[in-house]
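Please read the structure below before turning to the comments.
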Amino acid sequence: MEKRHVNYSASMTFQEEILQGIPKLLPPKAERDPRNSHAPVRKQILSKDEKKLAIRNALRYFPAEWHGELGKEFLEELERYGRIYMYRFKPSYELYARPIVDYPARSQQGAAIQLMIQNNLNPAVAQHPDELITYGGNGAVFQNWAQYLLTMQFLATMSDEQTLHLYSGHPMGLFPSSKEAPRVVVTNGMMIPNYSQPDDWERYNALGVTQYGQMTAGSFMYIGPQGIVHGTTITLMNAFRKQLKENDSPAGKVFLTSGLGGMSGAQPKAGNIAKCVTVCAEINAAAAHKRHEQGWVDEIISAKEELLSRVRQAIDQQEVVSIAFIGNVVDVWEWFDVENIFVTIGSDQTSLHNPLAGGYYPAGMSFEEGNRMMAEEPERFAEKVDESLIRQANAINRHAAKGTYFFDYGNAFLLAAGRAGADVFNGNSEEFRYPSYVQDILGPMCFDYGFGPFRWVCTSGKAEDLRTSDQLALEVMKELQQDALDDIQQQLSDNIQWIEEAEKHQLVVGSQARILYADAEGRIKIALRFNEAIRQGKISKPIVLGRDHHDVSGTDSPYRETSNIYDGSRFTADMAIHNVIGDSFRGATWVSIHNGGGVGWGEVINGGFGLLLDGSDEAERKLKNMLYFDVNNGIARRSWARNPGAKRAIATAMENNPDLQITQSEEVSDSIINSLF
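Per this note's numbering, the sequence shown starts with residue 1, numbered consecutively.
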C-alpha cells in the first residue's frame, strides 16, 4: 500500500502548492501553532447525530481512502475545540501578503484577491490565524483549511470571464460570467431570519455549513488595526470637542476603555493621535503584550496601585500616553470612581456581539478560568457575564453623574447590558441613556454627508508606493478643501491631518495599506489620481480599493451604522442588499454580504467590495460608476429618513449630476401631526 503520510510540500514552490489545492498525498497530522493566539473552545452544542453530520460534511472535501483516518481526527477536533478546523491541511508556507507578481494567476484580479486573503490570515494581522479568524473572536475568512486551499486554487486558475461563488467560506465553484462581472461573490452567515439566534451560529457553524464573517474579515478587506485606528481617532477627536471648552486640550484628560485584541487594539494608538491619556484594560495578557510589542500601546501595568499612581501623574503633567492595564475594566471603572479619578471620555470595545464565546470576560475571574467556564459551564458563565455587565453599567452611571461622556462604540455594550437587566435605559423607554457614537458623532457629521472609511492596498508591497499614494490623496483633499462647503470643512481638515501624520505613526501591519474618510467626490478623485499614477509608472503595481463595511451605505445596523435613522426603517436591511447588488454590476472586482457584523449575529446585515485599479481605461470607468453609487445610495436613504445633512448632500449631488434623480422627502409640521390625535 502506498505510503500517504509525506511532507507533500517539501519539494514544491509556493506557486505549485497553491495550484495543487487539496494535496494529492495525505499530509502528516499537525498540531496548532503554539506561537499563535487560538480561538476559545466552543461549547458542545451538537447532538450525536449532528456530530455525525458535521464529520460527514467535513470529509466530503477529501478522497474516500482518507476518510477512516481523517474521520477520527475530525471527531477529536470537534470534541476538543467545538469545531473542525482541519489543522493538518494548513499550508507549510508563511501566510502574508506577498507582492502581486508572486501569485500564480491567469487573472490579475484573481491574484489580487489571493493577496488580500493571505493578508487577512497573516499572524501579525489575524487574531486566531490557525482557526482562520481575523478579528472579533469569531470573524472568519474560512471555516477550515480545505476551503482555503480550494479557494486559492480557484483564484489562481480562474479567467476574467469566470466568477467564484463563496458560500460562508465554501468555494461552490467557478461559474461562467463576463469581464464586467465580479470575480468573486461572497456571502457569510446568510440565514433564514428565524434561524439567526446566537445558538444557531454555534450549531450551524459547528456543522460546517455557515460562518460569521464579521465585516472585513470574510470579505478579505481587513488591514489590521489601522482601519479602526482612523475611525476611533475621528470619533475621539470629536468626542473631546463635545466635552471640552474651546481651546482646551485633551492632554492629561482620561479616555477609559477596554479591549486590546483584534480591532479593539487600535484604541491606545488612536488615543495617542488624539493626544489624551488612554487607559485600556485587557484581561488577556498575551493580547496586551502583543500590542505593546507592536508599538500600539506605550506602557503595560498589572497592579492596581501602580495604575492609580501612573494615571494621576499623567493627569497632573498633562501627558499624552497610552496605558494597557492587564485586568478587568469593571474593576478599573470602580477604582476610578472610588479614587475620584475623573474620566472625560468613556467607552468599551470588548466583543459584546459574542459575549458567551470569548468576546467578554466577567469581572472576578481570570482569563484562564473564563475560558474553562465558557466551555464546561456555559450557563453559569452566562450568569457571570450578566452580573458583570450590571456592575460595569452601575459604575459607568456613577461616572456619568460626575460629567463623563460615555458612548457605545458599536460593540453592542448597551444592547448586551440592557438584556442583562442593567440600568442603561432612559426611564421606561426602550431608548438607551447613552448614545451610540454614530448617533452623536459619525452619523450626523460624516455618514450623512457621504464621509466614510475609504481604504486601499498597494499590491507591490512597497512602502514607497504607499508613500506616493498618501501624497496623492493629500493633494486631492487639500484641493477639495478650497471650495468645500462649511458643513464638511472639519471632516476634510481632520483627514488632511491624519494623512500628513499617518506614516509617522507607523500604522502599517501586514500589507502596505491606508485608510481615510472621504465622500463620493473625494473617493472618486483620489482613485482617479491613483489609476493615472499606475498608468504612468509612478506607482509600480495595481492598487486594491475597498472600505470598511462600517460606512454610509454598506451596512444596516440599528444600534450602530443606522442608529441615527429615525423614520422607523433602521431595522430594515434594504440598503445593504441594494448596495452589494448595485456595486456588483457597476464594476466591483468582488462583493460580499454578511449577517453578523460587529454588533452580533442576527443584529446587522453588511456588505463590502474590492476594486482593482490597474491603470486601465476600464478601471477608470468602473471606479467612477461604482464609487458614486456606493456612497450616494446611503445618502439617498438617509435623506429619505429626513436627516438634514443628508438632504443637503443629496441635493448638491443632484445639482452636479443630472442623471441622479432621488425621491425627496417633504417635511411635515408637528402641528399637523399633533392635530390628528
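Note that beta-carbon positions come from the ideal geometry of N, C-alpha and C, so glycine has one too.
Go through its chain and collect everything with a Cβ distance to residue i's Cβ below 7 Å, but skip five positions before and after it.
{"i": "Y81", "result": "V41, R42"}
{"i": "R391", "result": "V330, A363"}
{"i": "V680", "result": "For residue 680 there is no data in the structure shown, the boundaries of the chain being 1 and 677."}
{"i": "A422", "result": "L389, I390, A393"}
{"i": "E31", "result": "Y87"}
{"i": "M1", "result": "Any reading at M1 must be qualified, since the residue scores a pLDDT of 31, below 50, and its modelled position is unreliable; the value itself is stated next. For M1, where only same-chain residues beyond five positions count, there are no Cβ hits under 7 Å."}
{"i": "S540", "result": "S460, K462, D465"}
Rounded to whole angstroms, how far is the Cβ of residue i from the Cβ of residue j, which I believe are closer than 8 Å?
{"i": "Q214", "j": "T134", "result": "7 Å"}
{"i": "Y323", "j": "E282", "result": "Just to set this straight, residue 323 is Ile in the shown sequence, not Tyr. The pair is not a contact, with the Cβ atoms about 11 Å apart (cut-off 8 Å)."}
{"i": "A274", "j": "F240", "result": "7 Å"}
{"i": "A114", "j": "G21", "result": "Looking at the sequence shown, residue 114 is not Ala but Gln. With a Cβ gap of about 13 Å, Q114 and G21 do not count as contacting."}
{"i": "A357", "j": "M374", "result": "6 Å"}
{"i": "Y517", "j": "I234", "result": "6 Å"}
{"i": "S436", "j": "S563", "result": "4 Å"}
Straight-line CA distance for residue i to residue j?
{"i": "W145", "j": "L308", "result": "46 Å"}
{"i": "I117", "j": "P129", "result": "12 Å"}
{"i": "L164", "j": "V185", "result": "6 Å"}
{"i": "I543", "j": "E319", "result": "39 Å"}
{"i": "R529", "j": "F175", "result": "33 Å"}
{"i": "S418", "j": "P558", "result": "The sequence shown places Gly at residue 418, rather than the Ser named in the question. For G418 and P558, the distance between alpha carbons rounds to 15 Å."}
{"i": "W296", "j": "A266", "result": "7 Å"}
{"i": "T589", "j": "Q109", "result": "7 Å"}
{"i": "G136", "j": "K29", "result": "28 Å"}
{"i": "I18", "j": "E202", "result": "31 Å"}
{"i": "T572", "j": "D556", "result": "7 Å"}
{"i": "S511", "j": "I496", "result": "22 Å"}
{"i": "D670", "j": "V424", "result": "29 Å"}
{"i": "E500", "j": "L474", "result": "7 Å"}
{"i": "G491", "j": "Q243", "result": "In the sequence on display, residue 491 carries Gln and not Gly. Near 18 Å, if we compare the C-alpha coordinates of Q243 and Q491."}
{"i": "D678", "j": "D548", "result": "Residue 678 falls outside the range modelled here, since the chain spans only 1 to 677, and no answer is possible."}
{"i": "Y204", "j": "P27", "result": "28 Å"}
{"i": "W640", "j": "G443", "result": "15 Å"}
{"i": "M221", "j": "G608", "result": "8 Å"}
{"i": "N428", "j": "E305", "result": "39 Å"}
{"i": "K525", "j": "Y361", "result": "45 Å"}
{"i": "K3", "j": "A126", "result": "A caution first: K3 carries a pLDDT of 38, below 50, which makes its placement in the model unreliable, though a value can still be read off. Rounded to whole angstroms, K3 to A126 spans 35 Å at the Cα level."}
{"i": "A181", "j": "N531", "result": "20 Å"}
{"i": "T378", "j": "D49", "result": "Position check: residue 378 holds Pro in this sequence, whereas Thr was assumed. Rounded to whole angstroms, P378 to D49 spans 22 Å at the Cα level."}
{"i": "R523", "j": "I488", "result": "14 Å"}
{"i": "R455", "j": "L78", "result": "37 Å"}
{"i": "Q664", "j": "G139", "result": "38 Å"}
{"i": "L414", "j": "F432", "result": "7 Å"}
{"i": "V476", "j": "D483", "result": "12 Å"}
{"i": "S92", "j": "T216", "result": "25 Å"}
{"i": "D659", "j": "R648", "result": "18 Å"}
{"i": "A412", "j": "V604", "result": "11 Å"}
{"i": "E161", "j": "D574", "result": "29 Å"}
What does a CB cutoff of less than 6 Å around residue i pick up in its chain, not counting 5 residues either side in sequence?
{"i": "D448", "result": "R638, N643, G645, A646"}
{"i": "G169", "result": "F142, Q143, Q147, Q211"}
{"i": "G227", "result": "I515, D548"}
{"i": "R621", "result": "none"}
{"i": "A400", "result": "F406"}
I'd like the list of long-range same chain contacts for residue i, defined as Cβ closer than 8 Å, with 5 residues on each side in sequence excluded.
{"i": "V321", "result": "N272, V277, T278, D298, E299, A314"}
{"i": "A285", "result": "S302, I326, F367"}
{"i": "R35", "result": "P123"}
{"i": "H38", "result": "R32, H128, D130, E131"}
{"i": "A287", "result": "S37, L260, G261, G265"}
{"i": "G173", "result": "F154, L164, H165"}
{"i": "R380", "result": "M373"}
Is the closest heavy atom of the ligand NAD to the C-beta of residue i under 6 Å?
{"i": "I315", "result": "No copy of the ligand NAD occurs in the structure displayed, which carries no ligand at all."}
Please confirm if the region 589-600 is in contact with the region 351-361, defined as three or more CB-CB distances below 8 Å between the two stretches.
Enough Cβ pairs lie closer than 8 Å, so yes.
Would you check if there are 3 or more beta carbon pairs closer than 8 Å linking the region 402-409 to the region 342-350?
At 8 Å Cβ cutoff, the stretches touch.
Three CB pairs or more closer than 8 Å across the region 188-197 and the region 580-596:
Contact holds between the region 188-197 and the region 580-596, because three or more Cβ pairs, one in each stretch, are under 8 Å apart.
If we require 3 or more residues per run, which beta strand (DSSP E) segments fall completely within the region 430-490?
If you keep only unbroken beta strand (DSSP E) runs of at least 3 residues inside the region 430-490, you get 452-458.
Can you list the beta strand (DSSP E) stretches of 3 or more residues lying completely in the region 289-338, in chain order?
Correct list: 299-301, 321-326.
Three or more C-beta pairs under 8 Å: does that hold for the region 547-554 against the region 438-456?
The answer is yes - the region 438-456 touches the region 547-554, with three or more Cβ pairs under 8 Å.
Do the region 622-640 and the region 648-662 make contact, defined as three or more Cβ pairs closer than 8 Å?
The region 622-640, when compared against the region 648-662, does touch it at the 8 Å Cβ threshold.
Within 8 Å, do at least three Cβ pairs link the region 503-521 to the region 456-468?
Three or more Cβ pairs closer than 8 Å define a contact, and the region 456-468 meets that threshold against the region 503-521.
Return the chain-ordered ranges of every beta strand (DSSP E) run that is complete within the region 592-643 and spans a minimum of 3 residues.
Within the region 592-643, the beta strand (DSSP E) runs of at least 3 residues that lie entirely inside it are, in chain order, 605-613.
Could I get the ranges of all uninterrupted beta strand (DSSP E) runs contained in the region 81-136, with 3 residues as the minimum, in chain order?
For the region 81-136, whole beta strand (DSSP E) runs of length 3 or above, ordered along the chain, are 133-135.
Which runs of the beta strand (DSSP E), 3 residues or longer, sit entirely within the region 178-263?
Here the runs fully enclosed are 184-188, 254-258.
Could you name each continuous beta strand (DSSP E) segment of 3 residues or more that falls completely within the region 514-580, going from the start of the chain to the end?
Within the region 514-580, the complete beta strand (DSSP E) runs of at least 3 residues are 543-547.
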